[in-house]
Amino acid sequence: MKNKFQLLLLFLAHISAGIASGIAMISIPWYFTNNLDLNSAFSLMFGIVTFIGLFWGLYSGVIIDKFNRKSILEIINIFFGLLITCISFFILFLNPEKKILTVLVGSVFAITCFYYIIYYPTIYAFLQEISKKKNYVKINSYVEIVGQTTTVLAGSLAAILLSGIVIFNFKINPWPIENILLLDGISYLTAALIISFIKHKPKKNKIKEEKSIINRMKVGFKYLNRNRLILLYAVCSHIIFAFLLVELFTLLPILIKNYFQKEGHLYAITDICYALGALLSGFFIYKLINHFNKIKLTIILILLTSISLIILISNKYIISLLIISVFIGVANSGVRIIRNSFLFDNIPNVFIGRVTSIFNSINTTIRMILIFIFSLNYFSMKENVTDGYLLCAIILIVFCLPIIFYYKKLKSNCVI
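In our numbering, the protein residues as written are 112 to 527.
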């Protein structure tokens, strides 16, 4: 983008949307685990939402490649923002009974998940469209820095809103869930307002020739059938993200409550540590790529993440949890920057929405399987949650093996 002011506006909108989704993604899982004592029910709901998201993800790829990406970002923030705001007002003024309240709060989490599915592929496709190839790694690093700074802010805010805080003589009482949801909705609407000021003329190479949705989707599958190494790397390197998303909302609340026997503030602090690690990654991953190629660095980060999980469940020191959380944040963010830069280098912008939606749907399937496994009551009993972390450590290694096996072919046949 020639005008840096437009890029600044996009990042400001990203901050506002990130605060909204970040607060919801921290507050709601803990609300189900601690306030409602419905962790297994939440995991089951998360699994169902993930299954529905599998199809929404495929269709969103068609939307991203067909329509103006700036308009998509604007519309989804308005739509989801209004939806969550209406739900918060319903809870605030009608004070529904517990069962209805549970459904409404759960629906906000589902809405946030559906928002994630279309938002991130859209913003990355938009960034590829407006960026020069030589700046792909740098732009992805900037997005990560902005996004993770926002997550730190959202995590800090969520910790304050969940537990309250006293600073000198100034006291903030814990917020009820409906007030948190109202803040959530307003933040989305603010993001939409900021995006509306971005001046952008889209490229004219959007898809027009394929009339049916199925035919449009087939284009992405045909492209990957011709470029199977890209498919292999994209799917296997995405495993850290799959693990982290499942862990944050199914395993971590139980780990903190049953294993470390702590409260919601530690859950929020742990999320801040993930974000701090990701923020650090955004600053130095660009330099590491000068010393290691993208494939090799991906392998190193996945294997180290697996080892860190084993260390995590081998002791009960809070400092260990926080340090490992920082590292997992570094690894997840680092691989995401590397992976997105790899995809930008190897996939034409006209296909990027549909192709990445296929990757995301495969990743969603993996997450769905893990979520349904971890929704079993076994993992909620005593300290059995550690078995879940051990299983995740093994899965990380399994997904890393194909990248190791095809390392030479990836290096010689792809832009790295």
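Just so it is clear, CB atoms sit at the ideal spot from N, CA and C, and this is done for glycine as well.
Supposed contact pair G164 and F220 - C-beta distance, whole angstroms, cut 8 angstroms: Actually they do not touch by this definition, with Cβ atoms about 12 angstroms apart.
Stretch pair the segment 241-257 + the segment 197-216: three plus CB contacts closer than 8 angstroms: The segment 241-257 is not in contact with the segment 197-216.
Through-space distance from A389 to W141, alpha-carbon basis: 22 angstroms
Cβ shell of L420 (< 7 angstroms), same chain only, five flanking positions each side left out: Excluding sequence neighbours, L420 sits near Y500, C503, A504.
Span separating the alpha-carbon of I543 from that of I350: As shown, the chain starts at 112 and ends at 527. That puts residue 543 outside it, with no answer to give.
8 angstroms CB neighbourhood of I134 in its chain, flanking five on each side removed: A265, L268, A269, L272, I291, L294, D295, S298
Contact under 9 angstroms by Cβ, T262 with Y378: Against a cut-off of 9 angstroms, the Cβ pair of Y378 and T262 comes out as no contact.
Of the listed residues Y370, I439, R337, nearest to I383 (C-alpha basis): I439
Cβ-Cβ distance between Y247 and F455 below 9 angstroms: yes
Given 8 angstroms, three or more beta-carbon pairs between the segment 202-221 and the segment 478-497: In this structure the segment 202-221 does not lie against the segment 478-497, because fewer than three pairs of beta carbons, one per stretch, are closer than 8 angstroms.
Cβ pair V441, I413 closer than 9 angstroms: no
Cβ-Cβ distance between P364 and N145 below 9 angstroms: yes
Cβ shell of L155 (< 7 angstroms), same chain only, five flanking positions each side left out: S486
Exposure of F153, with buried meaning 16 or more beta-carbon neighbours within 10 Å: Under this definition F153 is a buried residue.
Reduced DSSP secondary structure (H/G/I, E/B, other) of I434: helix
Between the CA atoms of K427 and I130 - distance to the nearest angstrom: If you take the alpha carbons of I130 and K427, they lie about 30 angstroms apart.
Closest residue to S425 among T476, G331, I410, N495 (Cα-Cα distance): N495
Reference Y334; option with closest CA among V466, W167, S307, I482: V466
Outcome for P287 when other beta-carbon atoms lying within 10 angstroms are tallied against a minimum of 16: exposed
Collapsed DSSP secondary structure at M112 in the structure displayed: Unreliable placement is indicated for M112, whose pLDDT of 46 sits below 50; no coordinate value is reported for it.
Limits of the unbroken alpha helix (DSSP H) element including K368: Segment: none, K368 is in no alpha helix (DSSP H) and carries neither H nor E.
Run of the alpha helix (DSSP H) containing I463, from where it starts to where it stops: 463-485
Rounded separation between I429 and Y231 - CA only: Cα-Cα distance, rounded: 32 angstroms.
Rounded straight-line distance, which links the Cα of I228 to that of L194: 17 angstroms
Inter-residue Cα distance where the pair is S242 and F470: 22 angstroms
Proximity winner among F510, I482, G158, A128, relative to L300 (alpha-carbon distances): A128
From K519, P513, F116, S523, residue whose alpha carbon lies closest to that of F308: F116
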